[in-house]
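See below for the structure under consideration.
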Amino acid sequence: MPDNPRPARQRMGRALRQSGRGARWLTRGTRAHPDVAATLLAVLMFIIGWSTISQSHAVTASVMPLLAAMSVAPLLIMRRAPFVAWVVSAVGALVWIPLPRLADAPMPWPVVHFLILLAAILVAAMYAQLRLVAAVLAGSVLLFLAAMPDGMKPWALGAAIIVAFGLLTRWLVLSRRALAVQEEETEVERARRAVVEERSRIARELHDVVAHHMSMVVVQAQTAPYRVADLTPEAKGEFVAIEESARAALQEVRGVLGVLREEGAPVQTAPQPTLAELPALLESSRSAGMDLSWHLGLPHEDCPPGTGLVLHRVLQESLANASRHSPGASVRVDLVRVHPADAPAGALLTVATSPSSSAGSRERGGGNGIPGMRTRVEAVGGTLTAGPTAEGGFAVTASVPLTDRPRLGE
Numbered sequence: 059m060p061d062n063p064r065p066a067r068q069r070m071g072r073a074l075r076q077s078g079r080g081a082r083w084l085t086r087g088t089r090a091h092p093d094v095a096a097t098l099l100a101v102l103m104f105i106i107g108w109s110t111i112s113q114s115h116a117v118t119a120s121v122m123p124l125l126a127a128m129s130v131a132p133l134l135i136m137r138r139a140p141f142v143a144w145v146v147s148a149v150g151a152l153v154w155i156p157l158p159r160l161a162d163a164p165m166p167w168p169v170v171h172f173l174i175l176l177a178a179i180l181v182a183a184m185y186a187q188l189r190l191v192a193a194v195l196a197g198s199v200l201l202f203l204a205a206m207p208d209g210m211k212p213w214a215l216g217a218a219i220i221v222a223f224g225l226l227t228r229w230l231v232l233s234r235r236a237l238a239v240q241e242e243e244t245e246v247e248r249a250r251r252a253v254v255e256e257r258s259r260i261a262r263e264l265h266d267v268v269a270h271h272m273s274m275v276v277v278q279a280q281t282a283p284y285r286v287a288d289l290t291p292e293a294k295g296e297f298v299a300i301e302e303s304a305r306a307a308l309q310e311v312r313g314v315l316g317v318l319r320e321e322g323a324p325v326q327t328a329p330q331p332t333l334a335e336l337p338a339l340l341e342s343s344r345s346a347g348m349d350l351s352w353h354l355g356l357p358h359e360d361c362p363p364g365t366g367l368v369l370h371r372v373l374q375e376s377l378a379n380a381s382r383h384s385p386g387a388s389v390r391v392d393l394v395r396v397h398p399a400d401a402p403a404g405a406l407l408t409v410a411t412s413p414s415s416s417a418g419s420r421e422r423g424g425g426n427g428i429p430g431m432r433t434r435v436e437a438v439g440g441t442l443t444a445g446p447t448a449e450g451g452f453a454v455t456a457s458v459p460l461t462d463r464p465r466l467g468e
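So for the sequence shown, the working numbering puts the first residue at 59; every next one is plus one.
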């Protein structure tokens, strides 16, 4: 009965898989540690060269290891300094010429030295500077023409072919690198365009939703005095205030959404609010029915535009929070100039709300109002505190320096 061939095939398959894993491990190791690979190759070539010198040259055994080391030395520096490696190999070739050679030796050098010299020519053509590549070509051609016997002088043409092959490989590598860079730039541009298109889409959606409803508020506030009979002057004033607030909000929404549009598209711009607009903001809030009092002790000329914008936004958000969470409560606003010790002059804005018995005061936040105010204040080097007061109300305090800084939030 014939033997079952399956175990033999299985053993052969395991052996092939193990050899394949070993080859992959060796490849990864040489890529990760090229200097180690070059050293191992140099040791291998040193052993081969030492043992084969006696086949081509009649030298004493004591100098054989020195000559073998001279031949393989370029391998250790070829990766980091290809031109220097070629110079070392070429000078070593000149050292071999006067040494006594056996009659049947085909060339003035041992095979190991010749192979390493060819490798040095190729690597120099691939990685050295172009002006040095010309020197490598000229030196190699002259060396082969002067040292080679007549039958091997065509190796001078071979050196030129090796240089040409190295230059072609060099050009291909550089072309692939340039193509990879171009593909990466194209991908980055494609991603940037996708972001711009998404921003534009978001801007359109927000404009369609927000602007539509804000425009409806404006229209309703404008037409209310004509649609509703027997309105008191106070009610008409309320509708006018609603219209003005809605128009201002609509203008600011359009200005903010402008930054989301396509690059190069016209953006609606308007001057950003500063301290000069604080009285108008306060009057508008009082007209809306808020029990509001204030003291503005800082001239707007003394405040940089970026800091004035921050203070305006903090006051705007604080008044909105007060009307939403503490309806019916009185609000006190104070803006004064302060002079901290060992620090530049600054501005101190305080928005304090009295206790409120309204049901709205029991509402809890959860939005980004206070974190947003704190971010703005910290961006200009200031600090912001917000929390309940001892009397049961709520206070927001922003302290900002009056040093000039870039404009924010615009």
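Glycine included, every Cβ here is placed at the ideal spot set by N, Cα and C. Predicted, not measured: the structure shown is a model, and the values here were computed from it.
Backbone secondary structure at residue i - three-state DSSP
i           : result
residue 447 : coil
residue 137 : coil
residue 112 : helix
residue 420 : Here the model assigns residue 420 a pLDDT of 42, short of 50, so the residue's position is not dependable and the matter cannot be decided.
residue 389 : strand
residue 121 : coil
residue 157 : coil
residue 225 : helix
residue 286 : coil
residue 97  : helix
residue 332 : coil
Status (buried if at least 16 other CB within 10 Å, exposed otherwise) for residue i
i           : result
residue 372 : buried
residue 336 : buried
residue 138 : exposed
residue 132 : buried
residue 451 : buried
residue 397 : exposed
residue 171 : buried
residue 36  : Here the chain has residues from 59 to 468 only, and residue 36 is not among them.
residue 185 : buried
residue 181 : buried
residue 411 : buried
residue 458 : buried
residue 434 : buried
residue 364 : buried
residue 357 : exposed
residue 348 : buried
residue 469 : The shown model of the chain, from 59 to 468, leaves out residue 469, and the question about it has no answer.
residue 378 : exposed
residue 375 : buried
residue 119 : exposed
residue 350 : buried
residue 291 : exposed
residue 274 : exposed
Enclosing beta strand (DSSP E) for residue i [first to last residue]
i           : result
residue 352 : 349-354
residue 360 : Run containing residue 360: none; DSSP gives neither H nor E here.
residue 408 : 404-411
residue 433 : Where residue 433 is concerned, there is no enclosing beta strand (DSSP E), although the alpha helix (DSSP H) it sits in stretches over 427-437.
residue 458 : 452-459
Residue range of the unbroken alpha helix (DSSP H) whose run includes residue i
i           : result
residue 337 : 336-345
residue 197 : 188-205
residue 171 : 169-185
Supposed close pair residue i, residue j - CB separation, criterion 8 Å
i           : j           : result
residue 305 : residue 268 : Incorrect: roughly 13 Å between the Cβ atoms, too far for contact.
residue 195 : residue 163 : In fact, because the Cβ distance is near 26 Å, the residues do not count as touching under 8 Å.
residue 191 : residue 183 : 5 Å
residue 100 : residue 134 : 6 Å
residue 409 : residue 389 : 7 Å
residue 110 : residue 169 : 7 Å
residue 143 : residue 178 : 5 Å
residue 342 : residue 299 : 6 Å
residue 491 : residue 176 : The question about residue 491 has no answer, for the chain in this structure spans 59 to 468.
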